[in-house]
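Residue numbers (the UniProt record's numbering): 1 to 367. Glycine included, C-beta positions come from ideal geometry on N, C-alpha and C.
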């Protein structure tokens, strides 16, 4: 162990912590393996009890080096799913994924947080899966409902109002009448917001927060602030899901250094191809032509799939890819299916100009 800790690389990669029988206790990833792995074994580090128990049981280390942090994330995800280490809990539990489902009810629709998708149910709108815990999503939805005064404590219309009505958290849908129609209009706007089609409800909540602050009702302003943060959490996750469900063909380029780039070809939640290319001293047209052939070869064999709902076993890789695309570490190009089908090398090569690094200026003689 001392020898392995003393010879750790400072590159990205994945580490597997093992017990005395070679069983995998924990899989982790890091941008800098040396710093991350050694940090577990610093006696003065403020470790949790879980980490202390893990370290006490570690008898061996296996290191798998990658070229990029993105590859380390993807490899970690695959290994956790494959080996299910005892100290990696998140991706082992099928109940770790939840959905928001809006179903017809007895008198008015109900917003539910559940582990089971409502996709395909008549009259239901379904969003997710979300990787946050059920409690986190429940708290987010509850906060939004309370701020919008649609947190009815009843499941159907009644002669008497629910407790939340007296607390100012329910518009009185439980009593029927115009309050139900107003509630349904708000639910329609909530659906449009989660689907990314209309942000007017979000903007209205922002205005209510500002108004509360102006009248020095800071408790109400804080509730709106927290609810807006919850909306962002849900909307951002839905944006990732919608993006992945389009089954786009993505060419992603990351610069490893001034002389080398790495190309990834990604479809949905899978990396179909990856390769390093030296760029220093090469004519740009030669590099474009080589990568164009890789794109046609990588995506040409991949069948075009229609858009389809994102499954639970796809969500983790999809989130990693989507986050990577939003980062400054890489640049990406969406390759239209018609370019691939027509084997349109010219359009692909022109598109690559937007993501490939510019050639370094040549030094003049005598400089």
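Can you give me the Cβ contacts of residue 142 inside the same chain, cut-off strictly under 8 Å, excluding the 5 residues immediately before and after it? As a first step, residue 142 must be located in the chain shown, where it is residue number 142. Cβ within range, chain order: 151.
Residues that residue 2 bridges to, as DSSP identifies them: Here the question's residue 2 lines up with position 2 in the chain shown. Partner(s): none; residue 2 has no beta bridge.
Less than 8 Å between the C-beta atoms of residue 180 and residue 107, yes or no? On the chain shown, position 180 is the one that residue 180 refers to. On the chain shown, position 107 is the one that residue 107 refers to. Result yes, Cβ atoms of residue 180 and residue 107 sit closer than 8 Å.
Residue 310 and residue 260 look like a contact to me (Cβ under 8 Å); what is the Cβ gap, rounded to whole Å? As a first step, residue 310 is located in the chain shown; it is residue number 310 there, counting from the start. As a first step, residue 260 is located in the chain shown; it is residue number 260 there, counting from the start. In fact, because the Cβ distance is near 33 Å, the residues do not count as touching under 8 Å.
Check residue 266 in the structure and name its three-state DSSP category. To locate residue 266, count along the chain shown from 1; it is residue 266. Residue state, collapsed to three classes: strand.
Please work out which residues of its chain come closer than 7 Å, Cβ to Cβ, to residue 192, disregarding the five sequence neighbours upstream and downstream, and give them in chain order. Taking the chain shown and counting its residues from 1, the one referred to as residue 192 is at position 192. Only 198 meet the Cβ criterion.
Roughly how far, in whole angstroms, is the beta-carbon of residue 228 from the beta-carbon of residue 209, given that I think they are within contact range, below 8 Å? As a working mapping, residue 228 is identified with position 228 in the chain shown. As a working mapping, residue 209 is identified with position 209 in the chain shown. About 7 Å; that satisfies the 8 Å criterion.
Anyone know if the C-beta pair for residue 147 and residue 161 falls short of 8 Å? For the purposes of this step, residue 147 is taken as residue 147 along the chain shown, with counting starting at 1. For the purposes of this step, residue 161 is taken as residue 161 along the chain shown, with counting starting at 1. No; because the gap between Cβ atoms is not below 8 Å, this pair is not in contact.
Alpha-carbon spacing of residue 32 relative to residue 266, whole angstroms: As a first step, residue 32 is located in the chain shown; it is residue number 32 there, counting from the start. As a first step, residue 266 is located in the chain shown; it is residue number 266 there, counting from the start. Taking the straight line from one Cα to the other gives about 24 Å.
Which residues in the same chain have their Cβ closer than 6 Å to the Cβ of residue 103, if we skip the five residues on either side of it in sequence? Stepping through the chain shown from its first residue, residue 103 is reached at position 103. Hits under 6 Å: 110 and 124.
As an exercise, report each continuous beta strand (DSSP E) stretch of at least 3 residues that is fully enclosed by the segment 204-270, in chain order. Within the segment 204-270, the runs of beta strand (DSSP E) that reach at least 3 residues and sit entirely inside it are, in chain order, 249-255 and 260-267.
Just list the residues that DSSP pairs residue 26 with in beta bridges. Within the chain shown, residue 26 is the residue found at index 26, counting from 1. The partner list for residue 26 (beta bridge, DSSP) reads 17.
Determine the closest residue to residue 75 out of 332, 354 and 320, with distance taken between C-alpha atoms. Position 75 of the chain shown, counted from the start, is the residue given in the question as residue 75. Closest by alpha carbon: 320.
Once DSSP output is grouped into helix, strand and coil, what is the label at residue 371? Because the chain is modelled from 1 through 367, residue 371 falls outside the range shown and cannot be assessed.
Out of 132, 55, 272 and 7, state which residue places its alpha-carbon closest to the alpha-carbon of residue 233. Stepping through the chain shown from its first residue, residue 233 is reached at position 233. Just measuring C-alpha positions, the residue of 132, 55, 272 and 7 sitting nearest residue 233 is 132.
What is the DSSP secondary structure of residue 188, counted as helix, strand or coil? The residue given as residue 188 occupies position 188 in the chain shown. For residue 188, the secondary structure class from DSSP, reduced to helix, strand or coil, is helix.
Distance, Cα to Cα, residue 4 vs residue 316? If you number the chain shown from 1, residue 4 lands on position 4. If you number the chain shown from 1, residue 316 lands on position 316. Rounded to the nearest angstrom, the two C-alpha atoms are 30 Å apart.
Using DSSP with H/G/I as helix, E/B as strand and the rest coil, what is residue 127? Within the chain shown, numbered from 1, the residue matching residue 127 stands at position 127. The answer is strand: DSSP assigns residue 127 an E or B state.
Compute the beta-carbon to beta-carbon distance between residue 343 and residue 296, rounded to the nearest angstrom, for a pair I have assumed lies under 8 Å. Counted from its first residue, the chain shown places residue 343 at position 343. Counted from its first residue, the chain shown places residue 296 at position 296. Residue 343 to residue 296, Cβ: 6 Å. Contact.
Since residue 331 is in the alpha helix (DSSP H), which residue starts that stretch and which ends it? Within the chain shown, the letter at position 331 stands for residue 331. Counting along the chain, residue 331 falls outside any alpha helix (DSSP H), though it belongs to the beta strand (DSSP E) covering 331-335.
Label residue 250 either buried or exposed according to how many other C-beta atoms from any shown protein chain fall within 10 Å of its C-beta, with 16 as the threshold for buried. Counting from 1 along the chain shown, the entry for residue 250 is found at position 250. By the 10 Å Cβ count, residue 250 comes out buried.
Any idea what DSSP makes of residue 139, helix, strand or coil? For the purposes of this step, residue 139 is identified with residue 139 of the chain shown, where counting begins at 1. If DSSP states are grouped into helix, strand and coil, residue 139 belongs with the helices.
Taking the alpha carbon of residue 408 as the point to measure from, which residue in 347, 48, 65 and 8 has its own alpha carbon closest? Summary: the structure shown does not reach residue 408, with the chain confined to residues 1 through 367, and so no result is reported for it.
What does DSSP give as the partner residues of residue 170 in its beta bridges? For this step, residue 170 is matched to residue 170 along the chain shown. Residue 170 is bridged to 150.
Please state whether DSSP places residue 49 in a helix, a strand or coil. As a working mapping, residue 49 is identified with position 49 in the chain shown. Of the three classes helix, strand and coil, the one that applies to residue 49 here is helix, per DSSP.
Which residues bound the alpha helix (DSSP H) around residue 348? The sequence position of residue 348 within the chain shown is 348, counting from 1. Note, residue 348: alpha helix (DSSP H), 345-352.
What are the partner residues of residue 111, as DSSP defines its beta bridges? Taking the first residue of the chain shown as position 1, residue 111 is located at position 111. Bridge partners of residue 111: 102.
Would you identify the three-state DSSP class for residue 356, choosing helix, strand or coil? Taking the first residue of the chain shown as position 1, residue 356 is located at position 356. Here residue 356 sits in coil by DSSP.
Using 8 Å for Cβ pairs, my map puts residue 105 next to residue 155. What's the rounded Cβ distance? On the chain shown, residue 105 is found 105 positions in, with the first residue counted as 1. On the chain shown, residue 155 is found 155 positions in, with the first residue counted as 1. Going by Cβ atoms, the distance from residue 105 to residue 155 rounds to 6 Å, so yes, they are a contact pair.
Same chain, Cβ closer than 6 Å to residue 127, five either side skipped, listed in chain order: One-based indexing of the chain shown puts residue 127 at position 127. If we look at residue 127 and ignore the five residues flanking it on each side, its Cβ neighbours are 100, 194 and 238.
In terms of alpha-carbon separation, which member of 247, 282, 184 and 217 lies closest to residue 271? Looking up residue 271 in the chain shown gives position 271. Nearest neighbour of residue 271 by Cα position, chosen from 247, 282, 184 and 217, turns out to be 247.
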